[in-house]
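Following: one structure in C-alpha cells, then a few remarks.
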Amino acid sequence: MAHSGVPHHLSYPRFLLKVLDRATDGTWRFYAWMFVLTAIALVGANTWAWQVARGMAVTAMSDHVSWGLYIANFTFAVGLAAGGVMMVIPAYLYHDEDMHDVVIIGELLSVAAIVMALGFVVVDLGRPDRFWHMIPGLGKFHWPVSMLTWDVIVLNGYLAINLHVCGYLVYTRYRGERPDPRWYLPFVFLSIIWAISIHTVTAFLYSGLGGRPFWNSALLAPRFLASAFVTGPAFIILSLQLVRRFTAFKVPEGAIRRLLDILRVAALVNLFMLAAELFTHFYTGGHHAAAVRYLWLGMHGHHELVPWMWTSITLNLGAVAVLLTPSLRERRVVINTALVAIFAAVWIEKGMGLIVPGFVPSTLHELVPYAPSIAEWKVTAGVWALGLMVFTVALKVGLQAMTGELRAPGAQADLAVEEKEVA
Amino acid sequence: MDEKPTRRVALKVLGATLGAAAFERALSPLRELSEITSVGDFMQKHYRELSRDEMNAVLRRLEDETQQRYGREVTIRDVRPTEGVQFAYALNLSVCIGCRRCADACHVENNHDRPTHQSYIRVLEMTSGSMDMEQGNTGYDHTVPAEGKFYMPVQCQQCENPPCTKVCPVEATWQEPDGIVVVDYNWCIGCRYCEAACPYHARRFNWHKPEIPAAEINPDQSYLSNRIRPQGVVEKCTFCLHRTREGRLPACLEACPTGARVFGNVLDPNSDIRWVLENKRVFVLKEELGTRPRFFYFFDV
C-alpha cells in the first residue's frame, strides 16, 4: 500500500502522463496499425472539411433520401455500444468469473462505439458550427419533446458512465489499490439499464415518425436490441482472440463460449423478428408494404437495394447455420468467419436495409434511389478509423492496468486475485 | 541508460508534431467557411430571444451579407403575425390543370436556388378515379391537362399538429400564432430530422449555397420567409408570410391561371376560404396521421 499515501491531486496527473506514455508506446505492429488508421482518419477529416465548406451536396443524399450512410452507421454504432453490455450482465449479474476477467474490454468497446456514434451525428449536420445551439442553458435544448435530445442525453450519459467505470478501475489498479465497490458497482448496474436505453431511444427516433410507415413499428426497438446483441458479442469475440494473440493478457475460454451462446440466441431472435415483420408487410400488402417491396424485390424498375438485402440475409442465415452446427463448434476459423459474416449482415441490415428504405418511396410515393457518394464512404471510413484508434489505445492502456504492467512506482502488484472476490 | 527513453520521447514528439500538422492540413478547407458564415451569424441568438434593436441589427447585417455574397441590394424585414388571423388554404382539384405555374412563381418569389429549380410546391399527376399517390407522377413532361388525369399540387400543409416542429432538437422551427410553421434559418443546425418527420415532403434542405444571379433576386424579403437561405439549413413554404401578413395573396395563388387556389383568414366570416370550407366537401391529405392540415382540397361537383 506504499502508493496509497500519495494524494490524488499529485498522483492523478502522473497517472495521466503514464497513460499517455503507454498509449503511444508499442511494437512495430502497433505503430503500423495506428499509422494506417491515422491516414484513413485524416482522409475522412479532409473530406468532411470539404463537405462543411462546400455543402452536403458532396453526398448523394437528397430531399427525398435526406439521411443516408452516416445515420445508418450511427445506428449501427449505437448497437455496437449497447452490445458491450452483454459482457457486463454475465460478469456482474451472474458472477461469471471468466467474463469478469475480460469485462473491461466490453466497456471499452462501448466507449469507442459511442465516440463513433457521436462522430456520425456530427458529420451528418449541415451546420456543425452551430453545435452550441444544442447545449442546454447556452442554446435551446428541445427536451423532452424532441427524441433527438433524449438521444443526446443517453449517448453522452452512457459515454460518461463507461468512462467513469473504466477510468476508475484503471486508476485504482495503477495505484495498487483495491477498487471501492461503492465507487463503481452502482455505475456498472446503471450502465446495464442505460445500455438498453441507448438503443431503445435511437429506435424511437425513427419509430415515432407517423409519416414513415416502414419505421413506424413497435418492433423496431426490440429488433435493434436483438441485432445489437449479435454485433456486440461478435466484435468482442474477435477482439478477445486478437488480444490473446498480440498481448500478454490471459483471455479465458469460458468468456468466449458464453458470448457465443448469447450471440446464438440473439441471432435467432433477430431472424424471428425479421420474419414476423416480413410476414406482416407482405401478407397485408398495400402502401405500408411499399418500402419492404422495394427493399427485397425492387419496384417500378428500381432494384438498387435488392442485392444488398439478399447479401445480408444470405450471410446472416449462413452464419447462423454454422454457429448452430455442433460439429463446427471447435473449428475456430469457421466460427470466426461466421462472426465476420453476421457482423457484415447486420451492418447492411441497419444501414441500407433500415435507414434508406424509410425514405424510398418518399412520403409522396416518389421513388428516388440513393447510393452513397465517394465522399460519404471516405468520411464514414474516417469515423470508423477514429473509433478503432480509440478502441486500440483504450485496450492497450486498460489491459496493461489489469495485468499490472501499468503501475505507480511502489504500488502493490498482487491485487488481481483479490479484486475478483469483491465483485 | 537514460539515452534510449529520451530518444523515444523525442520521436514521439516528432510524430505528434507531424500528426498535428497533417490534421491542420486536412481541415484546411474549413477556411472557406467565411463564404457561408460570419462571426455575427455564429453569435446570433434565437429569433424569439432577439429584442427589437437586436433584430434590426441582425436584419442590417443580413442585408450587408446579401450585398457582399450576391451583389444585390435587398430589404429584409421582420413581418409579425396579426392577432385574430388564422390562415388556411384550399385547392380545387377539379380546375387545376397541372401547369405548374404555382411552382414557378414560388421559385421566383422565394429566391430559390436556380440550378436545381427548387420550389416548395410539387405537382402530382394523378390517375382519374384514384387518390392513390403511388400511381401519381411528379415528373410528367407533356401538354396538360392530359386525358384521364387530374393534378394535385402539394406544399407545406401548415399542420395544426406539426410532426416537424416536435422533432427539432434546437427549436429552430415552430408554429406561429397565425398557424404558419416557420424556420429560423440562422438557428437551424441542419440535422434534417424535420425532413424525415414531415409526411408531405414539404421541407427542403440547402445542400449547397443557393445560386441566384443578382438580377433575378427578389429584393422584397423577410427574415422568416423568402430571404436567401444559408447553406446547410432547412427551409419550407411559409404561405409567403411577407406578403400574406400584409394583406396580399401568396405568390402561388396569384400565378394560378384557373383560380384553383383559395387563401385567407378563416376567422373572417366573409372570407373566400371560409365560404369554401363551409360549402364544399373538403378533405385533407393523410388525415389518419392526425396532423390536422390547414391546407384543404376539394372537387367542384
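From first to last, the protein sequence lines are chains A and B.
Quick note: the first sequence, position 316, residue 316 per our numbering, numbers continuous.
Take the position in the second sequence, starting the count at 1, then add 1000; the result is the number in our numbering.
Built from N, CA and C at the ideal position, the CB exists for glycine as well.
This one's a predicted model, so the numbers in the text were calculated from it and none came from an experiment.
Let me see if you follow: with CB-CB separation under 8 Å, is Pro293(A) close to chain B or not? Looking up residue 293(A) in the first sequence gives position 293. In the sequence as displayed, the identity of residue 293(A) is Arg instead of Pro. No, no contact with chain B.
Tell me whether Ile1076(B) sits in a helix, a strand or coil according to DSSP, three-state version. Position 76 of the second sequence, counted from the start, is the residue given in the question as residue 1076(B). It is a strand residue.
Can you tell me whether Arg130(A) is buried or exposed, with buried defined as 16 or more other CB within 10 angstroms of its CB? Translated into positions along the first sequence, residue 130(A) becomes position 130. Burial call: buried.
Under a three-way DSSP split, which group does Gly301(A) fall into? Reading the first sequence from its first residue, position 301 is the one you call residue 301(A). It is coil, neither helix nor strand.
Residue closest to Gly26(A), alpha-carbon to alpha-carbon, out of Leu395(A), Pro409(A), Gly410(A) and Ala411(A): Within the first sequence, residue 26(A) is the residue found at index 26, counting from 1. Nearest C-alpha to Gly26(A): Leu395(A).
Would you verify that the beta carbon of Gly119(A) is, or is not, closer than 8 Å to some beta carbon of chain B? Locating residue 119(A) in the first sequence gives position 119, counting from the first residue. Output row for Gly119(A): interface = no.
For Arg1122(B), which residues does DSSP report across the bridge? Locating residue 1122(B) in the second sequence gives position 122, where the first residue counts as 1. Note: Arg1122(B) sits in a beta bridge opposite Val1154(B).
Counting along the chain, where does the beta strand (DSSP E) carrying Trp1174(B) start and finish? If you number the second sequence from 1, residue 1174(B) lands on position 174. From DSSP, the beta strand (DSSP E) with Trp1174(B) extends over Thr1173 to Gln1175.
With DSSP run on the structure shown, which of helix, strand or coil describes Ala1090(B)? Along the second sequence, read from residue 1 onward, the residue named residue 1090(B) stands at position 90. Ala1090(B) falls in the strand class under three-state DSSP.
Cα-Cα separation between Pro409(A) and Val251(A), rounded to whole angstroms: Numbered from its first residue, the first sequence carries residue 409(A) at position 409. Numbered from its first residue, the first sequence carries residue 251(A) at position 251. Those two C-alpha atoms are separated by around 27 Å.
Alpha carbons only, please: which of Leu1011(B), Arg1008(B), Tyr1070(B) and Gly1040(B) is nearest the one belonging to Asn1186(B)? What you label residue 1186(B) is simply residue 186 of the second sequence in a count that begins at 1. Selected option, being the one with the closest Cα: Gly1040(B).
Find the residues of chain B that neighbour Asn156(A), judging by a C-beta separation of less than 7 Å, and give them in chain order. Here residue 156(A) refers to the residue found at position 156 when the first sequence is read from its first residue. The premise fails here: Asn156(A) is roughly 13 Å from chain B at the closest Cβ pair, so nothing lies under 7 Å.
Out of Val36(A), Phe76(A), Thr47(A) and Arg178(A), which one is the CA nearest neighbour of Trp347(A)? Position 347 of the first sequence, counting from 1, holds the residue named residue 347(A). Minimum Cα distance to Trp347(A) is reached at Phe76(A).
Any Cβ of chain A within less than 8 Å of the Cβ of Cys1237(B)? In the second sequence, the residue the question calls residue 1237(B) occupies position 237. Answer no: the Cβ-Cβ gap between Cys1237(B) and chain A never drops below 8 Å.
In terms of DSSP beta bridges, what is Leu378(A) paired with? As a working note, residue 378(A) is residue 378 in the first sequence. Position check: residue 378(A) holds Lys in this sequence, whereas Leu was assumed. The partner list for Lys378(A) (beta bridge, DSSP) is empty, contrary to what the question assumes.
Where does Ser1043(B) land, buried or exposed, given buried means 16+ other C-beta within 10 angstroms? Taking the second sequence and counting its residues from 1, one reaches residue 1043(B) at position 43. Looking at the sequence itself, residue 1043(B) is Met, so the reference to Ser does not match. Met1043(B) comes out exposed.
Less than 8 Å between CB atoms is the rule here; does Glu1032(B) satisfy it with respect to chain A? If you number the second sequence from 1, residue 1032(B) lands on position 32. Output row for Glu1032(B): interface = yes.
Among all the DSSP beta bridges, which residues are the ones paired with Gly1264(B)? The residue you call residue 1264(B) lines up with position 264 of the second sequence. DSSP output for Gly1264(B) lists Ala1088(B) as bridge partner(s).
Please report the distance separating the alpha-carbon of Ile335(A) from that of Phe204(A). Numbered from its first residue, the first sequence carries residue 335(A) at position 335. Numbered from its first residue, the first sequence carries residue 204(A) at position 204. The straight-line gap from Cα to Cα measures roughly 34 Å.
C-alpha gap between Leu1241(B) and Ser1094(B), whole angstroms: Here residue 1241(B) refers to the residue found at position 241 of the second sequence. Here residue 1094(B) refers to the residue found at position 94 of the second sequence. The alpha-carbon atoms of Leu1241(B) and Ser1094(B) are separated by roughly 27 Å.
Of the residues Trp67(A), Trp28(A) and Pro128(A), the one placed nearest Ala49(A), counting alpha carbons only: Counting from 1 along the first sequence, the entry for residue 49(A) is found at position 49. It is Pro128(A) whose Cα lies nearest to the Cα of Ala49(A).
Report the three-state DSSP secondary structure of Gln1044(B) (helix, strand or coil). Within the second sequence, residue 1044(B) is the residue found at index 44, counting from 1. In this structure, Gln1044(B) counts as coil in the three-state DSSP scheme.
Member of Tyr70(A), Trp308(A) and Glu177(A) whose CA lies at the smallest distance from the CA of His8(A): As a working mapping, residue 8(A) is identified with position 8 in the first sequence. Checked all of Tyr70(A), Trp308(A) and Glu177(A); the closest Cα to His8(A) is Glu177(A).
Just curious, the alpha helix (DSSP H) that Lys350(A) is in, first and last residue? Taking the first sequence and counting its residues from 1, one reaches residue 350(A) at position 350. From DSSP, the alpha helix (DSSP H) with Lys350(A) extends over Arg332 to Lys350.
Would you mind listing the alpha helix (DSSP H) stretches within the segment 184-270 of chain A that are 4+ residues and don't spill past its ends, in chain order? 220-246
Can you confirm whether Phe455(A), when its beta carbon is compared against all beta carbons of chain B, has any partner nearer than 8 Å? The requested residue 455(A) does not occur in the structure, where chain A is confined to residues 1 to 423.
Which two residues bound the contiguous beta strand (DSSP E) that contains Ser1222(B)? For the purposes of this step, residue 1222(B) is taken as the residue at position 222 of the second sequence. Counting along the chain, the beta strand (DSSP E) containing Ser1222(B) begins and ends at Asp1220 to Ser1222.
Is Tyr94(A) buried or exposed, if buried means 16 or more other CB atoms sit within 10 Å of its CB? Against the first sequence, residue 94(A) aligns to sequence position 94. Looking at its Cβ environment, which holds fewer than 16 other Cβ atoms inside 10 Å, Tyr94(A) is exposed.
Expressed to the nearest angstrom, what Euclidean distance is found between the alpha-carbon atoms of Arg175(A) and Arg22(A)? Mapped onto the first sequence, residue 175(A) falls at position 175. Mapped onto the first sequence, residue 22(A) falls at position 22. Going by the C-alpha atoms only, they are around 16 Å apart.
Evaluate Tyr1223(B) with the Cβ neighbour count: other Cβ atoms within 10 Å of its Cβ, from every protein chain shown; 16 or more gives buried, anything less gives exposed. Residue numbering aside, residue 1223(B) sits at position 223 when the second sequence is read from its first letter. Counting Cβ neighbours within 10 Å, Tyr1223(B) comes out buried, since at least 16 surround it.
Touching or not, the segment 356-367 of chain A and the segment 278-296 of chain A, by the rule of three or more beta carbon pairs under 8 Å? yes
For the segment 303-330 of chain A, which residues have a beta carbon sitting closer than 7 Å to at least one beta carbon of chain B? none
Give a yes or no on whether 8 Å exceeds the smallest Cβ distance from Trp1187(B) to chain A. Residue mapping note: residue 1187(B) aligns to position 187 of the second sequence, counting from 1. True, the Cβ-Cβ gap to chain A drops below 8 Å.
Is Val1009(B) buried or exposed, if buried means 16 or more other CB atoms sit within 10 Å of its CB? The sequence position of residue 1009(B) within the second sequence is 9, counting from 1. It counts as exposed.
Tell me the rounded alpha-carbon separation between Gly1084(B) and Trp1275(B). Residue mapping note: residue 1084(B) aligns to position 84 of the second sequence, counting from 1. Residue mapping note: residue 1275(B) aligns to position 275 of the second sequence, counting from 1. If I take the Cα positions, the gap works out to 18 Å.
Taking 8 Å as the CB-CB cut-off, is Phe1023(B) touching chain A? Here residue 1023(B) refers to the residue found at position 23 of the second sequence. At least one chain A Cβ lies under 8 Å of Phe1023(B).
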